[in-house]
Each structure stands twice: as structure tokens, then as C-alpha cells.
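Participant: Sending over a structure as C-alpha cells; questions will come in a sec.
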Amino acid sequence: MSLACPNPIDTRVGIAQDGFTAPDGREIVLWRWPRSEVRPTLHWAHATGFHGRLYAPLLDALASDCNVLAWDMRGHGASAGAADMATFRGWETYYQDLTAWLAAQEAPVWLAGHSIGATTSLMAAARRPDKVLGLILVEPVIMDRWQGWRLWLAKRLGQSQRFSLAAGAARRRRVFDSQATALSNYRGRGGFRTWPDEWLEAYVRHGLVPHENQVRLACSPEWESTTFAHTEHNPWPGIRRLQCPVIALAAERASTFSPAARQRLSALLPLAEVNTIAGATHFLPMERPEAVLDTVRSALRMGASRN
Numbered sequence: 020m021s022l023a024c025p026n027p028i029d030t031r032v033g034i035a036q037d038g039f040t041a042p043d044g045r046e047i048v049l050w051r052w053p054r055s056e057v058r059p060t061l062h063w064a065h066a067t068g069f070h071g072r073l074y075a076p077l078l079d080a081l082a083s084d085c086n087v088l089a090w091d092m093r094g095h096g097a098s099a100g101a102a103d104m105a106t107f108r109g110w111e112t113y114y115q116d117l118t119a120w121l122a123a124q125e126a127p128v129w130l131a132g133h134s135i136g137a138t139t140s141l142m143a144a145a146r147r148p149d150k151v152l153g154l155i156l157v158e159p160v161i162m163d164r165w166q167g168w169r170l171w172l173a174k175r176l177g178q179s180q181r182f183s184l185a186a187g188a189a190r191r192r193r194v195f196d197s198q199a200t201a202l203s204n205y206r207g208r209g210g211f212r213t214w215p216d217e218w219l220e221a222y223v224r225h226g227l228v229p230h231e232n233q234v235r236l237a238c239s240p241e242w243e244s245t246t247f248a249h250t251e252h253n254p255w256p257g258i259r260r261l262q263c264p265v266i267a268l269a270a271e272r273a274s275t276f277s278p279a280a281r282q283r284l285s286a287l288l289p290l291a292e293v294n295t296i297a298g299a300t301h302f303l304p305m306e307r308p309e310a311v312l313d314t315v316r317s318a319l320r321m322g323a324s325r326n
């Protein structure tokens, strides 16, 4: 795949742009894979700083099993223009966006996602249980009591911007000479070091946009950093309200879903399935896509058997 030109055309077959209007009037972009009336619908929500089409290596494979949709969360990807620091209310803004989309659906759907995308999916499902067939949570951001208390205190003291993820995001390089330069810069480094090339290329292809004969990050470092600084510290009231089947995948290393949080979720939702993927990190979808594929397909089969 060549990434030499600053704005390559996405030649992928069948992925169409769609969207919806958020509660504050901002436009949120959705990407829609080919659909069939006889298949269930699955919405995929991406992680902070990413975008929906990054997950094409995974979602392309799922498109024969279900009707796949993937949003670009506000401030990210093609929805970058929806970012507004003046009205941002932390992750609650994302929750409201996805809940509004859910409310407009004629039939219930599956919600799936990675990291903040998983947490946003579960919070939307808690608010509109009538619209959700089930949840597939890949490395959700679910803190245990001690982690949540520390983050809550940091927010109260105005110190959460100093947390490593928020501080690191604020320092991200935003402009590159070309997508090829960005790809070379990212390959094998930092959080990208475990990513196969097809994932890294998908990130670069749709995560950078033209800028004065160069390219820049669609999701600004300021927006990414602010999102990290507002990380959800207490999703537990939403978790208690869940009524649909829940399957969660956690990484063995550097997980945002701690062992203590996994135990607590299992106690609150005895029917939930929680699996730890050996050797994986927080970038589980990139490192173990087959585990995610198997999980989603198994969930869809179980859902079909209940109907």
C-alpha cells in the first residue's frame, strides 16, 4: 500500500459515509459496510485518538456476518469538526452522542468497541436498553474502586492533565511532510510497536488530513489529551443498569480493565462473560484480531439462537 500522496483515495469497496446529528447540533460521521436486511447490525466504537476505519482489518471480516457500522467519535477522524472545547463535558459528551444515535434506530443493535469505545457503548446501553441486543467490550476502561478514587481526586484538584496518557497526547507531533513520513515515524515505536502494517497503514490513511502541502492529525493533540484527562472514573452505576448480554475481553498486560474491576463486574453481572487474552496488551484488536472475531461471531450466533 503506497502512502506517498498526501490525501490518498480510499479504494475500499462498499464502505459508505453516513452520519447523524448529535444533541448539540454537531454532525457525527458513521462508516457503513454493505448491509443485508436479514443480518443483525453491529456498531463499532473506536479508542481515543483513533477513528472508525482504523479497524477495517477486523470489520471487513465481520461484514459477512452482520451489518457493520463504525463511527468517528466527535473530534476524531471525519468528525474532527464536531470538537468544541467550550461545550465538552468529558466522556458524558460521547455518551450522549451514542445514546442519541441509538434512540433513532428502528430496531435493536449490537454495540461493540475498544477502550473508550467500549465504555461509551456500555453507558449508552444502560440508557437505552430497549435498543441493544448485546455488548462486546474489548479492553473497556473500567476502573476498580482504588483507581477510580485516585482519578476522581486528580480531577477535583485539576491535576488529571498531568497523567501520563494525557500529558503524552498533548506532546504528540501533529504535522508530517506526508503520510509515508508519518508511517515511518510510527512504525515500531511506542504504542504502535505491536501493530501489523495493515493496521498502522489504516490509522495513517484516515487519521491524517491535508494541511498546507503536508498532513496533520485529524484528532488534535489538545482534544486527545483532554479526552484522556476526562477518563471515566466511575462507570459502575451504568454497569448495574445493563440488561443485555455482556462479553468482555481483557488484555493480560497493560490493561485498562484491571483484575479487580473484572472480578467486580462478574459479581454484579453473573451472566457476563469475561475473558483474559494471554500475551495481549491494551491494543488487543490489533494484536489478537482473531480473538475479537471469534468473540463477536460467537455472540451473534448466540443472539440468533435466542430469536
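Mapped onto this note's numbering, the consecutive letters of the sequence shown carry residue numbers 20 to 326. Just so it is clear, CB atoms sit at the ideal spot from N, CA and C, and this is done for glycine as well.
Do residue 189 and residue 241 have their C-beta atoms within less than 8 Å of each other?
Facilitator: Translated into the one-based positions of the sequence shown, residue 189 becomes position 170. Translated into the one-based positions of the sequence shown, residue 241 becomes position 222. Taking 8 Å as the Cβ cut-off, residue 189 and residue 241 qualify as a contacting pair.
Participant: Name the DSSP beta bridge partners of residue 86, please?
Facilitator: Here residue 86 corresponds to residue number 67 of the sequence shown, with the count starting at 1. Per DSSP, 60.
Participant: Among the candidates 81, 124, 55, 136, whose CA atom is the shortest distance from the CA of residue 93?
Facilitator: Within the sequence shown, the letter at position 74 stands for residue 93. When only C-alpha atoms are compared, the closest one is 136.
Participant: Can you name, in chain order, every residue of its own chain whose Cβ lies under 7 Å from the Cβ of residue 300, other than the five neighbours on each side?
Facilitator: Position 281 of the sequence shown, counted from the start, is the residue given in the question as residue 300. The residues are 213, 270, 272, 273, 306.
Participant: Given a cut-off of 8 Å on the beta-carbon distance, is the pair residue 195 and residue 166 in contact?
Facilitator: Here the question's residue 195 lines up with position 176 in the sequence shown. Here the question's residue 166 lines up with position 147 in the sequence shown. Contact flag unset, no.
Participant: Within 10 angstroms of its Cβ, does residue 244 collect 16 or more other Cβ (buried), or is it exposed?
Facilitator: Taking the sequence shown and counting its residues from 1, the one referred to as residue 244 is at position 225. It counts as buried.
Participant: Secondary structure at residue 149, three-state DSSP: helix, strand or coil?
Facilitator: In the sequence shown, residue 149 corresponds to position 130, counting from 1. Residue 149: helix per DSSP, three-state reduction.
Participant: What residues in its chain sit with their C-beta under 7 Å from that of residue 316, if we drop five residues either side in the sequence?
Facilitator: Here residue 316 refers to the residue found at position 297 of the sequence shown. Hits under 7 Å: 84.
Participant: In angstroms with no decimal places, state the Cα-to-Cα distance between residue 223 and residue 208.
Facilitator: Position 204 of the sequence shown holds residue 223. Position 189 of the sequence shown holds residue 208. Near 14 Å, if we compare the C-alpha coordinates of residue 208 and residue 223.
Participant: Since residue 98 and residue 161 should fall inside the 8 Å C-beta cutoff, what is the C-beta to C-beta distance between them, to a whole number of angstroms?
Facilitator: Reading the sequence shown from its first residue, position 79 is the one you call residue 98. Reading the sequence shown from its first residue, position 142 is the one you call residue 161. Not quite, the Cβ-Cβ distance comes to about 25 Å (not below 8 Å), so this is no contact.
Participant: Tell me where the alpha helix (DSSP H) around residue 133 begins and ends.
Facilitator: Stepping through the sequence shown from its first residue, residue 133 is reached at position 114. No alpha helix (DSSP H) holds residue 133; the beta strand (DSSP E) holding it covers 128-133.
Participant: Check the C-beta distance from residue 89 over to residue 53 and give it rounded, since I have them as a contact under 8 Å.
Facilitator: Start at 1 with the first residue of the sequence shown, and residue 89 comes out as number 70. Start at 1 with the first residue of the sequence shown, and residue 53 comes out as number 34. In fact, because the Cβ distance is near 13 Å, the residues do not count as touching under 8 Å.
Participant: Would DSSP call residue 288 helix, strand or coil?
Facilitator: For this step, residue 288 is matched to residue 269 along the sequence shown. Of the three classes helix, strand and coil, the one that applies to residue 288 here is coil, per DSSP.
Participant: Per DSSP, which residues does residue 230 bridge with? Please list them.
Facilitator: Locating residue 230 in the sequence shown gives position 211, counting from the first residue. Bridge partners of residue 230: 233.
Participant: Excluding the 5 residues preceding and the 5 following residue 186 in the sequence, name in chain order all residues of the same chain whose CB lies nearer than 8 Å to its CB.
Facilitator: Taking the first residue of the sequence shown as position 1, residue 186 is located at position 167. Counting only Cβ-Cβ distances below 8 Å, and skipping sequence neighbours, we find 180, 244.
Participant: Which runs of the alpha helix (DSSP H) at least 4 residues long sit entirely within the stretch 242-315? Give them in chain order.
Facilitator: Those alpha helix (DSSP H) runs which fall completely within the stretch 242-315 and span 4+ residues are 255-259, 278-287, 303-306.
Participant: Residues in its own chain within less than 8 Å of residue 42 by CB, not counting five upstream and five downstream?
Facilitator: Counting from 1 along the sequence shown, the entry for residue 42 is found at position 23. Answer for residue 42: 115, 116, 119, listed in chain order.
Participant: Assign residue 102 to one of three DSSP states: helix, strand, or coil.
Facilitator: Locating residue 102 in the sequence shown gives position 83, counting from the first residue. Looking at residue 102 - three-state DSSP - the assignment turns out to be coil, as it is neither helix nor strand.
Participant: Assign residue 282 to one of two classes, buried (16 or more other C-beta atoms within 10 Å of its C-beta) or exposed (fewer than that).
Facilitator: By 1-based counting over the sequence shown, the position of residue 282 is 263. Exposed is the call here.
Participant: For the beta strand (DSSP E) that contains residue 125, what are its first and last residues?
Facilitator: What you label residue 125 is simply residue 106 of the sequence shown in a count that begins at 1. Here residue 125 belongs to no beta strand (DSSP E), and DSSP marks it neither H nor E.
Participant: Alpha carbon to alpha carbon, how far is residue 121 from residue 203?
Facilitator: As a working mapping, residue 121 is identified with position 102 in the sequence shown. As a working mapping, residue 203 is identified with position 184 in the sequence shown. Between residue 121 and residue 203, the C-alpha separation is close to 39 Å.
Participant: Helix, strand or coil for residue 178, going by three-state DSSP, please let me know.
Facilitator: Within the sequence shown, the letter at position 159 stands for residue 178. Coil at residue 178, not helix or strand.
Participant: Answer yes or no: does any C-beta atom of chain B fall closer than 8 Å to that of residue 98?
Facilitator: Here chain B cannot be found, since the structure has a single protein chain.
Participant: For residue 310, which of 321, 322, 320, 297 has the nearest alpha-carbon?
Facilitator: Taking the sequence shown and counting its residues from 1, one reaches residue 310 at position 291. Of the listed residues, the one whose Cα sits closest to residue 310 is 297.
Participant: Specify the secondary structure class of residue 211 as computed by DSSP and reduced to three states.
Facilitator: Numbered from 1 along the sequence shown, position 192 holds the residue referred to as residue 211. Three-state result, residue 211: helix.
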